[in-house]
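Novice: Per the working numbering, the very first residue in the sequence shown carries number 253; after that it's consecutive. Backbone N, C-alpha and C fix where the C-beta goes; we use that ideal spot for every residue, glycine too. The structure under discussion is supplied below as structure tokens; questions concerning it will follow.
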Amino acid sequence: MKYLFEIYTEEIPATFLNGVVKDMKALAEKKLSEFSINFSEIKTFGTPKRLALFVSGLDEKEADRKVEIKGPSYRVAFDENGNPTKVFEKFLTSNEIDEKNTQIRETKKGKYVFAEKVIPGKSAKEIVKEVSLYILENLRFPKSMHWEDSGVRFVRPIRGMVALLDGEIVEFSYAGVETGRLTYGLRIDKPKPIELKNAGEYFAKMRENYVILSFDERRKLTERKARSESEKVNGKPSYSFSHLTEIVNLTEYPTPFLASIDKEAFDIPECITASIIEGHMKSLKVVDEKGRLLPYFIGVRNGSSDFIDVVRKGYEKVVKARILDGKFFFEEDKKTKLESLVEKLSGVVFLKGLGTMKDKTDRLVKLATEVSGILSLTKEEKENLVRSAFLSKADLLTNVVREFPELQGTMGGIYAKIQGEPEQVAAVMSEQYLPRFSGDKLPQTKLGKYLSIIDKIDTICGAFSVGVKVSGSKDPFGLRRAGNGIMQIVMSEEENFFPISEIIEKALLILGYGKKEVEEKKEEIVQFLKERARGILKEKGFASDIVNAVLSVPIDFAPSYESRASVLKKHIEEETLLLIVLSNKRVKNILEKSGAEFGKVNPDLFFERDEENLYSAISESRKAISENLQSGNYEKIMEIFYVLHPVIAQFFDNVLVMDEDEKVRNNRLALLRELKRLFDEFADFSALSVKKK
């Protein structure tokens with residue numbers, strides 16, 4: 253059997269769509285797994301106007317299930333003569349059981365009545381109804397709406413639902429809409445209703461009516477046609493995957509076409525023209541082989557190629573008007589110095605409780621000054637970083653950025669260069685917001701990285717200081733994005749160390765925290781940033797236990813997280829690493845269970861040779877490990893640990909740690925603590941999950 257469930261809605265935001273389709277499939281799989289019914293495949297689809305679930309190869313019903321039911325005790329179910337009591341009869345009646353299917357069994361608590369009951373499997377029709385309602389009630393969206401009296405919330409108002417099991421309607425209602433067999437094709441003025449005879453003809457009917465359900469098919473069609481159109485002018489389309497995804501999810505039947513740009517576009521910065529093409533027109537840039545913008549773009553129509561010339565002229569007319577606007581704003585902005593706008597930032601609110609953008613600018617200037625000392629910048633670098641921080645938010649008050657907010661920072665850099673600011677300052681200002689999202693390019697200049705980091709750290713520290721919390725999917729101020737940006741930059745640094753904790757501390761002091769409060773709040777922010785690092789490492793394919801082991805290392809060593817994780821991943825299957833992990837787990841358990849307070853290791857209290865050997869091995873290894881940590885030679889560190897392991901094994905084989913003599917016992921515990929600290933300098937090996945071969 254085949255089951256189709258389509259939710260026909262008003263326009264679903266393009267950026268939501270792929271996530272919703274993925275969640276829809278996960279919900280269907282989860283709910284179907286609760287039933288003993290066989291099926292071949294689950295597929296989900298999404299377009300701007302519909303979400304669809306298609307289940308193929310469904311059995312007509314789920315298998316019957318035999319269940320055992322424990323009833324009352326024998327002495328309650330039967331009287332002294334062995335005759336059934338009313339309790340026994342009620343047990344049979346309430347469970348719809350025949351007496352012949354009962355038996356008396358001895359348990360630890362005495363004799364009890366047991367019965368075997370066959371529960372008939374539900375029909376496929378009942379099951380798919382439950383699955384569909386479960387999806388409707390449990391789908392979650394970044395933003396949702398309610399539009400009718402029941403208070404139901406959904407991504408957009410539901411205007412129709414199809415629920416067909418083969419050719420039979422599965423009847424139910426939701427948000428005042430009843431299921432049926434009517435769907436609609438591509439929306440042009442008034443969509444054409446389509447009556448489906450059965451679930452199996454859905455895909456063909458949709459295609460006949462200019463609806464391509466598969467995102468991948470729409471994407472490939474868009475890319476292929478965009479390439480062929482661009483080749484007509486010796487160019488190629490330029491886009492990010494996220495931008496292409498948005499364009500594809502604005503259409504049910506994408507038709508790319510080539511359009512031209514008037515020469516006015518080349519009298520203004522290329523970024524303005526690109527922003528108009530991508531942001532306002534939801535189209536694709538066309539560039540030459542060197543990546544330079546050509547006077548063309550690829551529009552994407554939602555529909556067939558009929559009257560495409562009319563559509564093209566419409567797009568070109570709008571682009572021309574927007575470019576003229578951009579040119580006017582740009583020329584006006586050039587008349588005003590950026591530094592004259594800084595004071596006016598006092599009229600722009602940053603965040604409730606944190607003052608204005610001028611207040612933020614003042615904090616950034618102070619933080620840039622502090623960071624210059626922490627990072628040992630030259631006098632020129634310090635001056636340029638502080639100057640960049642001072643001017644960094646001024647472009648928020650320019651006409652171009654007001655009209656094209658996505659160009660903040662970029663326009664600041666352009667204006668700074670025009671106004672004669674040092675080239676390094678202009679470059680830093682243009683890079684301050686990078687990376688804007690996961691996978692975005694990183695700042696290329698050293699000072700660009702530093703301004704980006706301190707800007708984001710100020711935002712996070714400030715938000716945390718006024719009680720802004722990130723929970724679940726809620727992140728209204730983009731703190732996760734800011735944290736991800738910090739960690740992407742820091743983890744890409746070539747050095748093995750970056751003093752991020754000290755920068756956080758300085759940022760908190762500038763916000764007015766006392767020294768005691770700083771430590772508490774700093775730890776909270778460090779943990780928040782480590783969670784961002786966790787996500788980055790997992791995206792790179794590292795297992796959770798390896799990530800946990802690496803994240804035990806202080807955050808200032810974040811630039812080395814990936815390298816450390818790579819070495820652990822390489823060795824994870826080796827027998828010696830297994831033994832090291834088991835030893836570390838043993839040491840950790842002993843130390844945690846001891847509950848004792850002990851000072852430094854005292855070699856004078858050793859009376860076993862294996863104690864002395866371990867102490868000497870730790871002392872010798874510490875210097876070598878320190879040197880290799882500084883040079884980033886993590887493979888050499890693993891070799892040192894491998895050499896150290898036999899000494900550890902000998903210690904555990906021949907030395908009783910929990911000696912009766914308290915001084916001896918505490919001294920041995922202190923020795924184990926030093927051993928654990930030695931390993932922890934590289935990673936927490938006790939966090940690794942390894943199995944004996």
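Going by the CB atoms, is the gap between V601 and T621 shorter than 7 Å?
Specialist: Not closer than 7 Å, so no.
Novice: Within 10 angstroms of its Cβ, does F934 collect 16 or more other Cβ (buried), or is it exposed?
Specialist: With 16 or more other Cβ atoms within 10 Å, it is buried.
Novice: Which residues in the same chain as V383 place their Cβ atom closer than 7 Å to its Cβ, once the five residues preceding and following it in sequence are excluded?
Specialist: A280, K283, L284.
Novice: Excluding five sequence neighbours on each side, which residues of the same chain lie with their C-beta closer than 8 Å to the C-beta of K322?
Specialist: Correct list, in chain order: Y364, V365, F366.
Novice: Which residues mark the beginning and the end of the alpha helix (DSSP H) in which F642 is found?
Specialist: It spans 631 to 643 - the alpha helix (DSSP H) in which F642 sits, taken as one unbroken run.
Novice: Mark K945 as exposed unless 16 or more other C-beta atoms lie within 10 angstroms of its C-beta, in which case mark it buried.
Specialist: With a pLDDT of only 49 at K945, under 50, the local geometry of the prediction cannot be trusted, and the value read off the model is given with reservation. It is exposed - the Cβ of K945 has fewer than 16 other Cβ atoms within 10 Å.
Novice: Can you tell me where the alpha helix (DSSP H) with M910 in it begins and where it stops?
Specialist: That residue, M910, is in no alpha helix (DSSP H); it is neither H nor E in DSSP.
Novice: Can you name the start and end residues of the alpha helix (DSSP H) that I777 belongs to?
Specialist: Its alpha helix (DSSP H) spans residues 767 to 791.
Novice: Just to check my reading of the structure: I550 and V538 have Cβ atoms closer than 8 Å, yes? What is that Cβ distance to the nearest angstrom?
Specialist: Contact flag correct, Cβ pair sits at about 6 Å.
Novice: Would the beta-carbon of A678 fall within 7 Å of that of T697?
Specialist: Their beta carbons are not under 7 Å apart, which means A678 does not touch T697 by this criterion.
Novice: Determine the closest residue to L659 out of S815, G672, E673, S644, with distance taken between C-alpha atoms.
Specialist: Ranking the options by Cα distance to L659, first place goes to S644.
Novice: What did DSSP end up calling A876 once you bin it into helix, strand or coil?
Specialist: Three-state result, A876: helix.
Novice: Between which residues of its own chain and H532 is the CB-CB distance below 7 Å, once the five residues before and five after are set aside?
Specialist: Excluding residues within five positions, the ones whose Cβ falls inside 7 Å are R574.
Novice: Spell out the partners DSSP gives A939 in its beta bridges.
Specialist: According to DSSP, A939 bridges with nothing at all.
Novice: Would the region 474 to 490 count as touching the region 326 to 343 if we require 3 or more Cβ pairs under 8 Å?
Specialist: Output reads no: the region 326 to 343 does not touch the region 474 to 490.
Novice: Who pairs with E258 in a beta bridge, going by DSSP?
Specialist: DSSP, once it has assigned bridges, lists A304, V414 as partnering E258.
Novice: Could you check which residue in S883, E814, I870, L686 has the C-alpha nearest to that of E926?
Specialist: The shortest C-alpha separation from E926 is found at I870.
Novice: In three-state terms, what does DSSP make of G432?
Specialist: Strand at G432.
Novice: Hey, how far is the Cα of F937 from the Cα of G452?
Specialist: The alpha-carbon atoms of F937 and G452 are separated by roughly 54 Å.
Novice: In or out: V319 buried (at least 16 other Cβ within 10 Å) or exposed?
Specialist: V319 is exposed by the Cβ-count criterion.
Novice: Would T299 be called buried (16 or more neighbouring beta carbons within 10 Å of its own) or exposed?
Specialist: Burial call: buried.
Novice: Have a look at T435 and L502 and give me their C-alpha separation to the nearest angstrom.
Specialist: Their Cα atoms are separated by approximately 19 Å.
Novice: Starting from the C-beta of R433, find all residues in its chain whose C-beta is less than 7 Å away, skip the five residues before and the five after it, and write them out in chain order.
Specialist: Within the same chain, R433 has close Cβ partners V414, L416, I421, E447, L448.
Novice: Can you tell me whether K945 is helix, strand or coil according to DSSP?
Specialist: Interpretation of K945 is limited by its pLDDT of 49, a score under 50 that renders its predicted location unreliable; no figure is taken from the coordinates.
Novice: My output table needs one value for K283: the three-state DSSP class, helix, strand or coil.
Specialist: Three-state result, K283: helix.
Novice: For N865, I'd like the list of residues in its chain whose CB is within less than 6 Å of its CB, leaving aside the five on either flank, ordered along the chain.
Specialist: If we look at N865 and ignore the five residues flanking it on each side, its Cβ neighbours are V899.
Novice: State the start and end residues of the unbroken beta strand (DSSP E) segment that holds N554.
Specialist: Its beta strand (DSSP E) spans residues 545 to 554.
Novice: Mind checking P855: buried by the 16 CB within 10 Å criterion, or exposed?
Specialist: Under this definition P855 is an exposed residue.
Novice: Using beta-carbon positions only, say whether L921 and F850 come within less than 7 Å of one another.
Specialist: Contact: yes.
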